[in-house]
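The structure appears below as structure tokens.
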Amino acid sequence: MNAKEIRELFPILKEQVNGHPLVYLDSAASSQKPIQVIDVLNTYYKTQNANVHRGVHTLGNKATDEFEGAREKIRAFINARETAEIIYTRGTTTALNLVASSYARANLKPGDEIVTTVVEHHSNFIPWQQAAKATGATFKFIPLAEDGTVTIEAVKATVTDKTKIVAIHHISNVLGDTTPIKEIAQIVHQHGGILVVDGAQSAPHQKVDVQDLDCDFYAFSGHKMCGPTGIGVLYGKREFLENMEPIEFGGEMIDFVYLEDSTWKELPYKFEGGTPIIAGAVGLGAAIDFLEQIGLENIERHEKQLVKYALEQMQAIGGVSIYGPTVDRSSLITFNVENVHPHDLATVLDSYGIAVRAGHHCAQPLMRHLQVTASARASFYLYNTEEDVDALVAGLKKAKEYFSNVFS
0 MNAKEIRELF PILKEQVNGH PLVYLDSAAS SQKPIQVIDV LNTYYKTQNA
50 NVHRGVHTLG NKATDEFEGA REKIRAFINA RETAEIIYTR GTTTALNLVA
100 SSYARANLKP GDEIVTTVVE HHSNFIPWQQ AAKATGATFK FIPLAEDGTV
150 TIEAVKATVT DKTKIVAIHH ISNVLGDTTP IKEIAQIVHQ HGGILVVDGA
200 QSAPHQKVDV QDLDCDFYAF SGHKMCGPTG IGVLYGKREF LENMEPIEFG
250 GEMIDFVYLE DSTWKELPYK FEGGTPIIAG AVGLGAAIDF LEQIGLENIE
300 RHEKQLVKYA LEQMQAIGGV SIYGPTVDRS SLITFNVENV HPHDLATVLD
350 SYGIAVRAGH HCAQPLMRHL QVTASARASF YLYNTEEDVD ALVAGLKKAK
400 EYFSNVFS
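Numbering follows our numbering, with no gaps: position 128 of the sequence shown is 127.
In structure tokens:
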């Protein structure tokens, strides 16, 4: 199935925006949803809607089967050892905050180190910053190569025996580079630390094997991978999850409640207090079915070809600054056009039906490192085509011409 055939499965891509066919280039923020996922959500609410785990009636059993069946699909999708290592969350942000609030604050002390980079999304930056402040740990940063990438040499020079946690992106939501997680895990473990990975931009675009990577925690979101909003996943090795305390308390996550104290359920339920995002989990399971039918290897290959084509076309315009590596990058391009503010650029592109992201991309430390206040970002997914790239390039040329006339 090629990209043009895949596009037919996404109803929203038939929409018109400002009188033009929609060219959706903002999948790094949130992907669109195929009809298969929409239909599953519709069916769930029509025929299966009930709370999970708590009832013995037929609808409750159906909902529980779908909810736990999706957890097994997620386990297989990232090759976790067991479903007990798959925690449902609201998204990557919640997952990373869970580790920072539960594991980090309980295990860190003054003199310990948390290591990260200035490239990180705020969701993988602020929780560790605040954990360091709360515990007295040192907050350290791996220096970047000239193109913003993280090298093994830099990791080796930064991680020490005092390093207890390294928190790092798998793929940057700004630079599009892929971090060598497996090699970093080896370095971190040699020093006795743990590795936490932000997988928000990798799980939708390439095959992930958490056992092969040997990371200790891995977080990702459903809405970036053709699934619903409000559902995400924290993978954690059992040995760490078992020794962590929950940070939300209430129904479902308890074992016994006494007047003086309470005990928690076994994994993964002790971290899933309250009524979970049941339909979201079922929808994420359907999204995984869809992605695996297409093939993650096929998706990754298509996107890299598309990004290569887009880079060539954009570099030929002139006056376009591209951030991050220009070879072997993932599914997005962050850039600025000379003398055009990215918000103005995005507004002009939107007038032609082209949706891109503009701003600091929840990465203000990186924007300061790049010495820019904001940038534009075009991000691609399995449903994008070279025609989308051509529309983007044509829009950039029109925007450049318009603003050069205005300020001439």
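Ideal Cβ placement from N, Cα and C applies to all residues, glycine included.
Owing to the predicted nature of the structure, the values given are computational and were not obtained by experimental measurement.
8 Å contact criterion, which residue i and residue j should meet: CB distance rounded
i, j, result
"residue 352", "residue 22", "6 Å"
"residue 411", "residue 70", "Only positions 0 to 407 of the chain appear in the structure, and residue 411 is not among them; the question remains open."
"residue 236", "residue 252", "Actually they do not touch by this definition, with Cβ atoms about 20 Å apart."
"residue 227", "residue 40", "7 Å"
"residue 114", "residue 173", "That pair is no contact at about 19 Å."
"residue 30", "residue 168", "With 8 Å as the limit, residue 30 and residue 168 do not qualify as a contact, their Cβ atoms being about 18 Å apart."
"residue 279", "residue 229", "5 Å"
"residue 338", "residue 371", "Wrong, their Cβ atoms sit about 13 Å apart, outside the cutoff."
"residue 99", "residue 127", "6 Å"
"residue 323", "residue 147", "5 Å"
"residue 396", "residue 298", "Actually they do not touch by this definition, with Cβ atoms about 29 Å apart."
"residue 6", "residue 382", "5 Å"
Separation of residue j from residue i, as counted between CA atoms
i, j, result
"residue 97", "residue 241", "14 Å"
"residue 302", "residue 294", "12 Å"
"residue 407", "residue 340", "Unreliable positioning characterises residue 407 in this predicted model, as indicated by a pLDDT of 49, which lies under 50. A coordinate reading is not provided."
"residue 189", "residue 203", "30 Å"
"residue 401", "residue 140", "41 Å"
"residue 0", "residue 192", "43 Å"
"residue 224", "residue 90", "12 Å"
"residue 374", "residue 256", "51 Å"
"residue 171", "residue 368", "14 Å"
"residue 166", "residue 47", "39 Å"
"residue 266", "residue 84", "7 Å"
"residue 134", "residue 93", "20 Å"
"residue 177", "residue 329", "7 Å"
"residue 185", "residue 399", "47 Å"
"residue 332", "residue 54", "48 Å"
"residue 56", "residue 275", "18 Å"
"residue 9", "residue 33", "4 Å"
"residue 291", "residue 142", "36 Å"
"residue 214", "residue 158", "15 Å"
"residue 365", "residue 156", "21 Å"
"residue 95", "residue 231", "11 Å"
"residue 175", "residue 380", "13 Å"
"residue 247", "residue 261", "13 Å"
"residue 160", "residue 296", "37 Å"
Residue span of the alpha helix (DSSP H) that contains residue i, given as start and end
i, result
"residue 155", "151-157"
"residue 237", "237-240"
"residue 350", "341-350"
"residue 76", "57-77"
"residue 308", "295-314"
"residue 99", "First-last for residue 99: undefined, no H or E at that position."
"residue 211", "209-212"
"residue 193", "No alpha helix (DSSP H) contains residue 193, which is instead part of the beta strand (DSSP E) from 193-197."
"residue 130", "125-134"
"residue 42", "34-42"
Residue i: first and last residue of the uninterrupted beta strand (DSSP E) it sits in
i, result
"residue 335", "331-336"
"residue 139", "137-140"
"residue 168", "162-168"
"residue 7", "Unbroken run through residue 7: none, as it is neither H nor E."
"residue 262", "261-263"
"residue 248", "Careful: residue 248 lies outside any beta strand (DSSP E) and carries neither H nor E."
"residue 171", "First-last for residue 171: undefined, no H or E at that position."
Reduced DSSP category for residue i - H, G, I as helix; E, B as strand; rest coil
i, result
"residue 392", "helix"
"residue 202", "coil"
"residue 407", "Here residue 407 scores only 49 on pLDDT, less than 50, and its place in the model is too uncertain to base an answer on."
"residue 20", "strand"
"residue 277", "helix"
"residue 319", "strand"
"residue 356", "strand"
"residue 112", "strand"
"residue 384", "coil"
"residue 89", "coil"
"residue 367", "helix"
"residue 187", "helix"
"residue 378", "strand"
"residue 255", "strand"
"residue 270", "helix"
"residue 46", "helix"
"residue 25", "strand"
Neighbour flag for residue i against chain D, beta carbons, 8 Å
i, result
"residue 290", "In the structure shown, chain D does not exist; there is a single protein chain."
Should the stretch 276-289 be regarded as contacting the stretch 62-80, the criterion being three or more beta carbon pairs within less than 8 Å? yes
Within 8 Å, do at least three Cβ pairs link the stretch 386-398 to the stretch 310-325? yes
Cβ contact check for the stretch 332-352 and the stretch 12-29: 3 or more pairs under 8 Å: yes
Can we say the stretch 100-110 touches the stretch 151-164, given the rule of at least three CB pairs closer than 8 Å? yes
Taking contact to mean 3 or more Cβ pairs, one atom from each stretch, closer than 8 Å, check whether the stretch 57-67 and the stretch 204-211 are in contact. no
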